[in-house]
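Student: In this note's numbering, the protein residues as written are 75 to 266.
Shown next as structure tokens:
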């Protein structure tokens, strides 16, 4: 009996996959708190470095691509998907760093969080703060991947990230094809 208890304790302490995953609310709070903190940094280089680490740990690009590129994503070969990811990811981080000031006003406000379950194992966490009497809603959409909750979309005061990128990507693919989309990503910062 004592041997069994020791084995169980050892497994719980030393086997990372058995640790309890964060909740969607904890992930959303952590992500938003870091994003708000990043928005207060002075230089674009500082913001870019911090956001790169933030999205690497908390953002699910695959779910984001499936939502924004829909059928295009599933029709592309693995090599095309990897090429797109390589071209897009850095530009995405740059875009977030340049536009982080949109949520800077949440830095010194009390933020309320509300969790809603959506279909397909998706959770929406809405964070609401006020600044100067104006209500500022931020919605984070999370999905459970590889044992943890990951953000894959966000909406700041009605501006939805995936919806805006989807329109831009569809326009480029329709008019210039896959190669045109990659060429555009290699020359400009994508903006939704």
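For glycine and all other residues, C-beta sits at the position ideal for the given N, C-alpha and C.
Model, not experiment: these values are computed from the prediction.
Does the distance from the CB of residue 128 to the CB of residue 121 come in under 7 Å?
Tutor: In the chain shown, residue 128 corresponds to position 54, counting from 1. In the chain shown, residue 121 corresponds to position 47, counting from 1. No. Outside cutoff.
Student: Quick check on residue 211: does DSSP put it in helix, strand or coil?
Tutor: By 1-based counting over the chain shown, the position of residue 211 is 137. It is a strand residue.
Student: So the beta strand (DSSP E) residue 203 belongs to, where does it begin and stop?
Tutor: For the purposes of this step, residue 203 is taken as the residue at position 129 of the chain shown. That run of the beta strand (DSSP E) goes 196 to 205.
Student: Suppose you measure from the CA of residue 190 to the CA of residue 227; what does that come to, to the nearest Å?
Tutor: Locating residue 190 in the chain shown gives position 116, where the first residue counts as 1. Locating residue 227 in the chain shown gives position 153, where the first residue counts as 1. If I take the Cα positions, the gap works out to 15 Å.
Student: For the alpha helix (DSSP H) containing residue 123, list its first residue and its last residue.
Tutor: The count along the chain shown starts at 1 and reaches residue 123 at position 49. Looking at the DSSP string, the run of the alpha helix (DSSP H) that includes residue 123 is 118 to 132.
Student: Would you grab the beta carbon distance between residue 247 and residue 172 for me? Rounded to a whole angstrom, and I think it's under 8 Å.
Tutor: Stepping through the chain shown from its first residue, residue 247 is reached at position 173. Stepping through the chain shown from its first residue, residue 172 is reached at position 98. Incorrect: roughly 24 Å between the Cβ atoms, too far for contact.
Student: What number of angstroms, rounded off, separates the C-alpha of residue 192 from the C-alpha of residue 141?
Tutor: Stepping through the chain shown from its first residue, residue 192 is reached at position 118. Stepping through the chain shown from its first residue, residue 141 is reached at position 67. Computed Cα separation, rounded: 15 Å.
Student: If we ignore side chains and look at the alpha-carbon of each, how far apart do residue 162 and residue 156 end up?
Tutor: Taking the chain shown and counting its residues from 1, one reaches residue 162 at position 88. Taking the chain shown and counting its residues from 1, one reaches residue 156 at position 82. Roughly 10 Å between the two C-alpha positions.
Student: Could you give the residue range of the alpha helix (DSSP H) that holds residue 248?
Tutor: Within the chain shown, residue 248 is the residue found at index 174, counting from 1. That run of the alpha helix (DSSP H) goes 235 to 261.
Student: Does the distance from the C-beta atom of residue 196 to that of residue 212 stay below 7 Å?
Tutor: Position 122 of the chain shown holds residue 196. Position 138 of the chain shown holds residue 212. Taking 7 Å as the Cβ cut-off, residue 196 and residue 212 do not qualify as a contacting pair.
Student: I'd like the list of long-range same chain contacts for residue 243, defined as Cβ closer than 8 Å, with 5 residues on each side in sequence excluded.
Tutor: Counted from its first residue, the chain shown places residue 243 at position 169. Excluding positions up to five away in sequence, the list reads 142, 143, 146 and 255.
Student: Whose C-alpha, out of 215, 185 and 214, is nearest the C-alpha of residue 204?
Tutor: Along the chain shown, one-based indexing puts residue 204 at 130. For residue 204, the nearest C-alpha among the options comes from 185.
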